[in-house]
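Q: Residue numbers (this note's numbering), protein chains in the order written: chain A, 9 to 236; chain B, 9 to 236.
Ideal Cβ positions, reconstructed from N, Cα and C, are used throughout, including at glycine.
One structure, as structure tokens, below. Some questions next.
There are 2 protein chains.
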Amino acid sequence: MKVNYMREGPDISKVASLIGDPARANILTALLSGKALTARELACEAAVTAQTASAHLSKLVEGKLVSFNASGRHRYYKLMDEDVASLLESIMVFAASKDILKIRTGPKDVQLREARICYNHLAGEMGIALFDGLLRNGAIEVEGEYIGLGDTEIFETLEIDLASLQKQRRPILRLCLDWSMRRHHLAGSLAQAVLERFVELGWAKRVDGTRIIEFTPNGRKSFENLLA
Amino acid sequence: MKVNYMREGPDISKVASLIGDPARANILTALLSGKALTARELACEAAVTAQTASAHLSKLVEGKLVSFNASGRHRYYKLMDEDVASLLESIMVFAASKDILKIRTGPKDVQLREARICYNHLAGEMGIALFDGLLRNGAIEVEGEYIGLGDTEIFETLEIDLASLQKQRRPILRLCLDWSMRRHHLAGSLAQAVLERFVELGWAKRVDGTRIIEFTPNGRKSFENLLA
DNA sequence: TTCATTATTCGATCATTAACGAAGCATTTT
DNA sequence: AAAATGCTTCGTTAATGATCGAATAATGAA
């Protein structure tokens, strides 16, 4: 029998099979939050080893579903563009209509968006608030891609030993892009020191085994006063 | 390390892996014509044996992407619903944008690009022309992702029974993305009715065994007059 | 410097599943 | 009735691809 039907359009099986692997689907779903995540985090998310995740990520990059920014020894992976997110959402909506099984969004996700640790510094909404507050108070100065120290009053209030930090080779201040907020926030040894101080002062603490930072009500007030 | 991120939404990998197999992708693409095809025809389309196709079709049925009507010793398979067609089109558009090389332009492709059936409605250049014309005449109203009915005069001219269409649960109007034009065109029960009317009026007809819609010279003029 | 961490590549193994021959069942044809 | 057709199920084979251990490279920390 002859083949009568025109094969038209691009090959949908390539894209679909990329999304079709469970590990890759988990990776993509995790990235759908808009956060840029490291290879290790994505490996955890997909419940595979780092090597396996690396192989998957290579394929996703090659298939133009995912891109990454190298930052130090980390690679921050994110979805390539809005089209990818939109396609994944389409499939989700479709799958939801075929399959009643839905998974709820847990409260932890909200917390993560609110305040989380990014390597060793504060990220999420509170991370942005910290950055904005310091900038507003002239404690830091930003010029394009470069960031520098300004008025040190706030850091002195926090009793942070700036001098010893400045002795290290490691940069005191660095810009770190937050993909959930699409904004810069603060990284570097000073940012780390600030977060450590917040914890020492009892303003915030890490939730064990997670990246969540939990601010106490009083801690939040003190934080706001500091940057007022 | 523990998994910290909440997985949200249904499992997209099941659906994607169903579409991800080349043979199944060919089957689904063939069914995008809207025609119900037998297992044998689909086996040919996918270039596999009947047994293999049978296994694939079972999976597609189980995954609710495809349904069939048994008629004697034949089984006529078709896409489950318009959502499936719409999802497949989405993936096509996406794949086309990522991989331009995959789009082949054969001689018959010209006809396909001009006017073809997309599941059950008109696509291609004529599909775009229909959409634009209806919009220009105020017969439809578009607001972002949403589309609604406007002035019904044109549909009355075509003697389309709008009332009975509106009684159905199926949406009358829907936006369908066209992979070749990268533009929206009209889908939904009304779009289907319009195409059926074009055929009834002798303005156009399906080329057997393909997805091509052929407009007669007079039909094309009537079409243009209608939307003038 | 040295050690730890992050992520990659290589190589081998293992699991999944697509594929098809053969057989079975149902329906239509002769 | 028997034969032919359409489709499926069974059982086996083969190939693709996911997985992980080990090694490598690069960066950060001490």
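Can you tell which of Met100/A, Phe76/A, Gly210/A has the C-alpha that lies nearest to the C-alpha of Asp89/A?
A: Position 81 of the first sequence, counted from the start, is the residue given in the question as residue 89/A. Of the listed residues, the one whose Cα sits closest to Asp89/A is Phe76/A.
Q: Using a Cβ-Cβ cut-off of less than 9 Å, list which residues of the segment 57-87 of chain A approach chain B; keep chain order.
A: From the segment 57-87 of chain A, only Gly71, Lys72, Leu73 have a Cβ closer than 9 Å to chain B.
Q: Would you say Ala44/A reaches chain B, if we count a Cβ-Cβ gap shorter than 8 Å as a contact?
A: Start at 1 with the first residue of the first sequence, and residue 44/A comes out as number 36. No, its Cβ sits nowhere closer than 8 Å to a Cβ of chain B.
Q: Have a look at Glu49/A and Asp19/A and give me their C-alpha separation to the nearest angstrom.
A: Taking the first sequence and counting its residues from 1, the one referred to as residue 49/A is at position 41. Taking the first sequence and counting its residues from 1, the one referred to as residue 19/A is at position 11. Rounded to the nearest angstrom, the two C-alpha atoms are 31 Å apart.
Q: Give the DSSP bridge partners of Glu149/B, in chain order.
A: Against the second sequence, residue 149/B aligns to sequence position 141. According to DSSP, which records beta bridges pairwise, Glu149/B is partnered with Gly156/B.
Q: Just mark Asp169/A as buried or exposed, buried being the case when its beta carbon has 16 or more other beta carbons within 10 Å.
A: If you number the first sequence from 1, residue 169/A lands on position 161. Exposed.
Q: Which residues in the same chain have their Cβ closer than 8 Å to the Cβ of Ala55/B, if we skip the five residues on either side of it in sequence?
A: Position 47 of the second sequence, counting from 1, holds the residue named residue 55/B. Excluding sequence neighbours, Ala55/B sits near Ala31, Asn34.
Q: Compute the beta-carbon to beta-carbon distance between His193/A and Ala93/A, rounded to the nearest angstrom, for a pair I have assumed lies under 8 Å.
A: Counting from 1 along the first sequence, the entry for residue 193/A is found at position 185. Counting from 1 along the first sequence, the entry for residue 93/A is found at position 85. Not quite, the Cβ-Cβ distance comes to about 22 Å (not below 8 Å), so this is no contact.
Q: Flag this pair as touching only if the segment 223-235 of chain A and the segment 135-150 of chain A have three or more C-beta atom pairs under 8 Å; answer yes or no.
A: Output reads yes: the segment 135-150 of chain A touches the segment 223-235 of chain A.
Q: For the segment 23-34 of chain A, which residues have a CB atom closer than 9 Å to at least one CB atom of chain B, in sequence order?
A: Answer set for the segment 23-34 of chain A: Val23, Ala24, Ser25, Leu26, Ile27, Gly28, Asp29, Pro30, Ala31, Arg32, Ala33, Asn34.
Q: Buried or exposed: which applies to Thr160/B, given that a residue is buried once 16 or more other Cβ atoms fall within 10 Å of its Cβ?
A: One-based indexing of the second sequence puts residue 160/B at position 152. The residue in question, Thr160/B, is exposed, as its Cβ has fewer than 16 Cβ neighbours within 10 Å.
Q: Considering only the alpha carbon of each residue, which of Glu133/B, Glu164/B, Arg182/B lies closest to Glu151/B?
A: Against the second sequence, residue 151/B aligns to sequence position 143. It is Arg182/B whose Cα lies nearest to the Cα of Glu151/B.
Q: List, in chain order, every chain A residue whose beta-carbon is nearer than 7 Å to that of Asp186/B.
A: Along the second sequence, read from residue 1 onward, the residue named residue 186/B stands at position 178. Residues of chain A passing the Cβ test: none, with the nearest at roughly 10 Å.
Q: DSSP state of Asn128/B, grouped into three classes?
A: Taking the second sequence and counting its residues from 1, one reaches residue 128/B at position 120. Correct three-state label for Asn128/B: coil.
Q: Does the distance from the CB of Leu39/B to the CB of Leu45/B come in under 8 Å?
A: Here residue 39/B refers to the residue found at position 31 of the second sequence. Here residue 45/B refers to the residue found at position 37 of the second sequence. It is a contact, given that the beta carbons lie within the stated cut-off.
Q: Applying the criterion that 16 or more other CB atoms from any shown protein chain within 10 Å of the CB defines a buried residue, is Glu53/B buried or exposed?
A: Here the question's residue 53/B lines up with position 45 in the second sequence. Buried, by the Cβ-count rule.
Q: Kindly list, in the order they appear in chain B, the residues whose Cβ is closer than 7 Å to that of Ala123/A.
A: What you label residue 123/A is simply residue 115 of the first sequence in a count that begins at 1. Those within 7 Å of Ala123/A in chain B number zero; the least Cβ separation is about 14 Å.
Q: Report the neighbours of Leu96/B on chain A: residues whose CB is nearer than 7 Å to its CB, in chain order.
A: Stepping through the second sequence from its first residue, residue 96/B is reached at position 88. Per Cβ cutoff of 7 Å: Ile20.
Q: Please classify Gly210/B as buried or exposed, where buried requires at least 16 neighbouring CB atoms within 10 angstroms.
A: Taking the second sequence and counting its residues from 1, one reaches residue 210/B at position 202. Gly210/B is exposed by the Cβ-count criterion.
Q: My guess is that Ser25/A and Gly28/B are in contact by the Cβ rule of under 8 Å, so how many angstroms apart are they, rounded?
A: The residue labelled residue 25/A in the question sits at position 17 within the first sequence. The residue labelled residue 28/B in the question sits at position 20 within the second sequence. Rounded, the Cβ-Cβ distance is 3 Å, consistent with contact.
Q: What is the DSSP secondary structure of Lys229/A, counted as helix, strand or coil?
A: To locate residue 229/A, count along the first sequence from 1; it is residue 221. Three-state DSSP puts Lys229/A in a helix.
Q: Who are the Cβ neighbours of Ala199/A in its own chain at under 6 Å, not counting the five residues just before and after it?
A: Taking the first sequence and counting its residues from 1, one reaches residue 199/A at position 191. Correct list, in chain order: His129.
Q: Which of helix, strand or coil does DSSP assign to Ser25/A?
A: In the first sequence, residue 25/A corresponds to position 17, counting from 1. Three-state DSSP puts Ser25/A in a helix.
Q: Give the secondary structure of Ala44/A by DSSP, where H, G and I count as helix, E and B as strand, and everything else as coil.
A: What you label residue 44/A is simply residue 36 of the first sequence in a count that begins at 1. Residue state, collapsed to three classes: coil.
Q: In whole angstroms, what separates the C-alpha of Ser230/B from that of Leu166/B?
A: Stepping through the second sequence from its first residue, residue 230/B is reached at position 222. Stepping through the second sequence from its first residue, residue 166/B is reached at position 158. Each residue's alpha carbon lies about 11 Å from the other.
Q: Out of Val23/B, Ala123/B, Arg124/B, which one is the CA nearest neighbour of Ala104/A?
A: Within the first sequence, residue 104/A is the residue found at index 96, counting from 1. With distances taken between Cα atoms, Ala104/A lies closest to Val23/B.
Q: Mind checking the segment 126-140 of chain A against chain B and listing, in chain order, the residues whose C-beta falls within less than 9 Å of any C-beta there?
A: Within the segment 126-140 of chain A, no residue qualifies.
Q: Measure the CB-CB distance between Val215/B and Glu222/B and report whether it falls below 8 Å.
A: Taking the first residue of the second sequence as 1, we reach residue 215/B at position 207. Taking the first residue of the second sequence as 1, we reach residue 222/B at position 214. Against a cut-off of 8 Å, the Cβ pair of Glu222/B and Val215/B comes out as a contact.
Q: What residue from Gly156/A, Ile155/A, Glu122/A, Ile136/A has the CA that sits closest to Ile220/A's CA?
A: In the first sequence, counting from the first residue as 1, residue 220/A sits at position 212. Here the closest residue by C-alpha is Glu122/A.
Q: Starting from the Cα of Ala195/B, find the closest Cα among Ile148/B, Glu164/B, His82/B, Arg228/B and give me that residue.
A: Within the second sequence, the letter at position 187 stands for residue 195/B. The candidate whose alpha carbon is nearest that of Ala195/B is Ile148/B.
Q: Measure from the C-beta of Lys106/B to each C-beta in chain A and report whether the shortest distance is under 8 Å.
A: Taking the second sequence and counting its residues from 1, one reaches residue 106/B at position 98. For Lys106/B, the answer is yes, since a Cβ of chain A falls inside 8 Å of its Cβ.
Q: Quick one: list the residues of chain B neighbouring Asp91/A, beta-carbon separation under 9 Å, in chain order.
A: Residue mapping note: residue 91/A aligns to position 83 of the first sequence, counting from 1. The answer, in chain order, is Val101, Phe102, Ser105, Lys106.
Q: For Thr57/A, does the count of other Cβ atoms within 10 angstroms reach 16, so buried, or fall short, so exposed?
A: Taking the first sequence and counting its residues from 1, one reaches residue 57/A at position 49. Under this definition Thr57/A is an exposed residue.
Q: Contact defined as beta carbons within less than 8 Å: I believe Lys86/A pairs with Val101/A. What is the distance between those atoms, to the nearest angstrom?
A: The residue given as residue 86/A occupies position 78 in the first sequence. The residue given as residue 101/A occupies position 93 in the first sequence. With 8 Å as the limit, Lys86/A and Val101/A do not qualify as a contact, their Cβ atoms being about 22 Å apart.
Q: Short of 8 Å in beta carbon distance, which residues of its chain neighbour Gln176/B, apart from the five on each side in sequence? Order them along the chain.
A: Translated into positions along the second sequence, residue 176/B becomes position 168. Once the five neighbours on either side are set aside, the close Cβ partners of Gln176/B are Ser197.
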